[in-house]
Structures are given as structure tokens and as C-alpha cells.
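Colleague:
Protein chains: 2
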Amino acid sequence: MNRGLLLVLSGPSGAGKGTVCREYTEKHKDVWNSVSATTRQPRAGEVNGESYFFLSREEFEKRIAEDDFLEYAEVYGNYYGTPRSEVERKLSEGIDVILEIDIQGALNVQENTTEGIFVFILPPTMSELRKRIVGRGSETPESLITRFRAAFDELNYVSKYNYAIINKTVEESYEKLRSIVVAEKCRVTRISKELVSLKEENYNAFND
Amino acid sequence: MNRGLLLVLSGPSGAGKGTVCREYTEKHKDVWNSVSATTRQPRAGEVNGESYFFLSREEFEKRIAEDDFLEYAEVYGNYYGTPRSEVERKLSEGIDVILEIDIQGALNVQENTTEGIFVFILPPTMSELRKRIVGRGSETPESLITRFRAAFDELNYVSKYNYAIINKTVEESYEKLRSIVVAEKCRVTRISKELVSLKEENYNAFND
Numbered sequence: 001m002n003r004g005l006l007l008v009l010s011g012p013s014g015a016g017k018g019t020v021c022r023e024y025t026e027k028h029k030d031v032w033n034s035v036s037a038t039t040r041q042p043r044a045g046e047v048n049g050e051s052y053f054f055l056s057r058e059e060f061e062k063r064i065a066e067d068d069f070l071e072y073a074e075v076y077g078n079y080y081g082t083p084r085s086e087v088e089r090k091l092s093e094g095i096d097v098i099l100e101i102d103i104q105g106a107l108n109v110q111e112n113t114t115e116g117i118f119v120f121i122l123p124p125t126m127s128e129l130r131k132r133i134v135g136r137g138s139e140t141p142e143s144l145i146t147r148f149r150a151a152f153d154e155l156n157y158v159s160k161y162n163y164a165i166i167n168k169t170v171e172e173s174y175e176k177l178r179s180i181v182v183a184e185k186c187r188v189t190r191i192s193k194e195l196v197s198l199k200e201e202n203y204n205a206f207n208d
Numbered sequence: 001m002n003r004g005l006l007l008v009l010s011g012p013s014g015a016g017k018g019t020v021c022r023e024y025t026e027k028h029k030d031v032w033n034s035v036s037a038t039t040r041q042p043r044a045g046e047v048n049g050e051s052y053f054f055l056s057r058e059e060f061e062k063r064i065a066e067d068d069f070l071e072y073a074e075v076y077g078n079y080y081g082t083p084r085s086e087v088e089r090k091l092s093e094g095i096d097v098i099l100e101i102d103i104q105g106a107l108n109v110q111e112n113t114t115e116g117i118f119v120f121i122l123p124p125t126m127s128e129l130r131k132r133i134v135g136r137g138s139e140t141p142e143s144l145i146t147r148f149r150a151a152f153d154e155l156n157y158v159s160k161y162n163y164a165i166i167n168k169t170v171e172e173s174y175e176k177l178r179s180i181v182v183a184e185k186c187r188v189t190r191i192s193k194e195l196v197s198l199k200e201e202n203y204n205a206f207n208d
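Protein chains in written order, with the UniProt record's numbering: chain A, 1 to 208; chain B, 1 to 208.
#1: Just checking: is the beta-carbon of V21/B within a distance shorter than 9 Å of some beta-carbon in chain A?
#2: Among the residues of its own chain, which have a CB less than 7 Å from the CB of T19/B, if the five just before and after it don't count?
#3: Kindly indicate which residue of G94/A, I64/A and L122/A has the alpha-carbon position closest to the one of T82/A.
#4: Does the region 183-198 of chain B come within contact of the region 16-34 of chain B, defined as at least 3 CB pairs closer than 8 Å?
#5: Buried or exposed: which applies to residue 211/A, given that a residue is buried once 16 or more other Cβ atoms fall within 10 Å of its Cβ?
#6: Who are the near neighbours of N48/B in its chain, counting only those whose CB is closer than 8 Å to its CB and skipping five residues on each side?
#7: Measure from the C-beta of Y163/A to each C-beta in chain B and report whether the shortest distance is under 9 Å.
#8: For the alpha helix (DSSP H) that P141/A lies in, which residues bound it at each end?
#9: Using three-state DSSP, classify Y161/A as helix, strand or coil.
#10: To be precise: take each residue of the region 146-159 of chain A, compare its Cβ to all Cβ atoms of chain B, and keep it if any distance is under 7 Å. Which residues remain?
#11: Cβ atoms of E71/B and C21/B: under 9 Å apart, would you say?
#12: Check for me: the alpha helix (DSSP H) holding L9/B runs from which residue to which?
#13: State yes or no: is the C-beta of T38/B within less than 9 Å of the C-beta of F60/B?
#14: In terms of residue numbering, what span does the beta strand (DSSP E) encompassing N78/B cover?
#15: At the level of alpha carbons, what is the spacing between V97/A and E86/A?
#16: How about L122/B and I180/B: are their beta carbons less than 9 Å apart?
#17: With A15/A and L129/A assumed to form a contact (beta carbons below 8 Å), what rounded beta-carbon distance in angstroms separates them?
#18: Where does N108/B land, buried or exposed, given buried means 16+ other C-beta within 10 angstroms?
#19: Strictly below 8 Å CB to CB, what residues from chain B border A183/A?
#20: How should M1/A be labelled, buried or exposed, when 16 other C-beta atoms within 10 angstroms of its C-beta is the threshold for buried?
#21: Can you name, in chain order, every residue of its own chain whose Cβ lies under 6 Å from the Cβ of L9/A, other than the five neighbours on each side?
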């Protein structure tokens, strides 16, 4: 069995990484949408191991010390992180793992693993990105400008990624993401199992 | 306009690179199936610039001296080669170029260019490859063994390639090749045009 792919989907807020990720995981039920760990309290309806892995602060910090996070951050007094052991287990079972994450998180993942296919989701235009952020209605004029400036700065991180998808429509972006996965599974470095089986055939094939 | 992709399709005799290449070029009329140059005489019906570029020996050797071949070889007293200038012109016009070529040729192309996406076509099993070679009916029992041994040796070259496709059915292999092309066009190194246009939008987007 070949190892699963670690797909890291990232990009500026408003580019649409959440939508693309949702479309992909809906069409590929065999992909594991990585579940974060957090120290914040569960909200009504949230299930441990599905919404989040809910950990005590003590447990979270123990895991940090054990280097068991691909990335983590503290936000408003609560920890959030991607547990390495969960991801590792899925990958070693041959299951693809998708990680939708902000840019800082993605860069941290890059530092903590040698694998990972890093995909940057870009808006078709920056005015479109602005429109999407405004459309959410959750920003003040001031925080809008902050967020928008941040998105511009974040464009510079694209060079740290393997792929970029200009997110014009969700269908087109989905097709591109699917192609990236199919292509990555054809990488010569990932077909060792098939190659070994071709080479082992040697004598049988000669003698049939 | 982004530069075209140079797709190099290769693999052992009998793996089916010709079939996969034909399927791809039939479905993608905008791809240029590279035309080789040769010093052999044109046969009835062969059109210069379509079947081959027919060159005199003198002209061919002049072009060798000018380093105008991505690869060339002399076979039974005739030269065959891939003209660099033709390929370069298409790529710079944003046209993808597909090159179906034997393994030695592909390795030569690798030495003569820094670009190129190298795809190795593998048979599903070696006995299947043997069956296909036998099916052609053009081999003596002796030449069959030679060819078959060569195919085994050639498996070792797969590590020099970027991708490998196990050619079970032409439909599946076509889909994989198409995915490789789509994915390669999403490579961060290839979307400079789009990135520049996003970054240039800066002030307009702020002021609308």
C-alpha cells in the first residue's frame, strides 16, 4: 500500500479555501479532513474527535513538549493545533489527509514535516476578494482595510507553496485540486510498490 | 501569456506510449505533437513538416554543430532528431509540446534543456508487456528475448523521470496524463503572469 498524501490547502482570507476544501471532501469521502485539537470549551453540538479533539491545557502542553503538533498557535488564550500522531496514522494507512489552514499554520507545517503538498488558493482578482470579505458583513471599515492589506502581504508567500489555484469558480478549482492529487500519485517517488512488483515478475514472465 | 509545457512521453517498447500519446493529441488539438527531423528519404504520402522535417545530411550536420537538436541519433545510416528551434517557438507562443520518444532520446532531452515534464509509461505487468510485443508479430523468438530483457533494464530509468503512469487502460492513462498537465500548469513557478496581475491591482482595488 502506498502512503497517503498530505494535502495542505491555504490562502488569504476570502480567497475561498474553505469552499474548495468542502467541495473536495464532499466528493472524496475517503479523504480525511484533519481534525484540530483545541483547549477551548466544546460548544453545544460539537463532538470530540469530529469538530475538534478537546484537550485540557495540561494535555495540550504535554503534547507540545512531545513535539506532537504539525503546527499550533495560541489565539485569545486558547490553543489550537494539528496533532501529528493522528495525521501520521491516516497517512500510514494509505489515507489522504486534507488540512485547510491559514498561511502561518501552513508555513509551520512545512517546518515540521518533509512531506506535504502545499496548495495556495488565490482570488481571481483582489477586488473580488475585497467584495467577498465585505459580503461576509463581519468587518468594520477599519478591520476590512487591515484584512485586505494582510491579504496583499500574504500573496508574497505563494512562492513557498508547490501549487496555486486561481479560484474563479468552485467547479474549476475542484477540478484543479483533483488533478493535483491524481498527478502527485503518479510521481515516480510514490510508485515504489508498483515498480517493485514489476521487477519481481522477472522470472515468472520469462517462463510462462 | 504563460509559456507552454514540454511534455516528454517515454517508456519501454510495448508499454503503450504511442497509444497514450495519440489519445492525448486527439483530445487536445491545441497541443503540438513534435515533428522530428530526418535525413532519410520521404516515403509516398509523407509531407515535409508534418510526418518529418526532411533535411539533407549536410543541413542536419550543420544543425548538430549549431546545437539545434534537443536530441538526435543515427539509426541505420540516417539521422533522426528533435529540432530545438521548432519546439522553442511553440513553447514561447504558449503552446504545449508533446514529445513521444524512446528512453535514450528522453535522457538526451533531459541533458539539453532545463524544462520538460518527463512521464514514464509502464505496462501493468511484464507478462502483459511481453504479450503486447508478441502480438505485434514482428519479432523472432530471439529478438523477442532481447527486447524483453531491454524492457526490464529500462525499468531502472524510471527514477530519472518526474511521473510514471501504469498503463492499464488507455482511458485511465489519458486521464492521468491530463491531470499531470493540469497540475503542472498550477505550479507556483508557472503562474507568474497571474500573480503579477493580482499584485498590480493594489491601488485600484483600494480605491473602487
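Backbone N, C-alpha and C fix where the C-beta goes; we use that ideal spot for every residue, glycine too.
Modeller: Concretely, from the data shown:
#1: Here residue 21/B turns out to be Cys, not Val, going by the sequence shown. Under the Cβ criterion of 9 Å, C21/B is not counted among the residues facing chain A.
#2: If we look at T19/B and ignore the five residues flanking it on each side, its Cβ neighbours are V170.
#3: Answer by Cα proximity: I64/A.
#4: Result no; under three Cβ-Cβ pairs closer than 8 Å.
#5: Outside the modelled stretch of chain A, which goes from 1 to 208, sits residue 211/A, for which no answer is possible.
#6: Once the five neighbours on either side are set aside, the close Cβ partners of N48/B are P42 and F54.
#7: Judged by the 9 Å Cβ criterion, Y163/A is in contact with chain B.
#8: Following the DSSP letters along the chain, one finds P141/A inside the alpha helix (DSSP H) bounded by residues P141 to E154.
#9: Reduced to three states, the DSSP call for Y161/A is coil.
#10: The region 146-159 of chain A vs chain B, Cβ under 7 Å: F152, L155, V158 and S159.
#11: It is not a contact, given that the beta carbons lie outside the stated cut-off.
#12: No alpha helix (DSSP H) contains L9/B, which is instead part of the beta strand (DSSP E) from L6 to S10.
#13: Yes; because the gap between Cβ atoms is below 9 Å, this pair is in contact.
#14: Boundaries of the beta strand (DSSP E) harbouring N78/B: N78 to P83, taken from the DSSP string.
#15: Approximately 10 Å, taken between the alpha carbons.
#16: In this structure, I180/B does not lie closer than 9 Å to L122/B by Cβ.
#17: Contact between A15/A and L129/A holds, with the beta-carbon distance rounding to 6 Å and staying under 8 Å.
#18: The residue in question, N108/B, is buried, as its Cβ has 16 or more Cβ neighbours within 10 Å.
#19: Here the neighbours are Y163, K176, S179, I180, V182, A183 and E184.
#20: The residue is exposed, with fewer than 16 neighbouring Cβ atoms inside 10 Å.
#21: These residues qualify, in order along the chain: K17, C21, E100 and V119.
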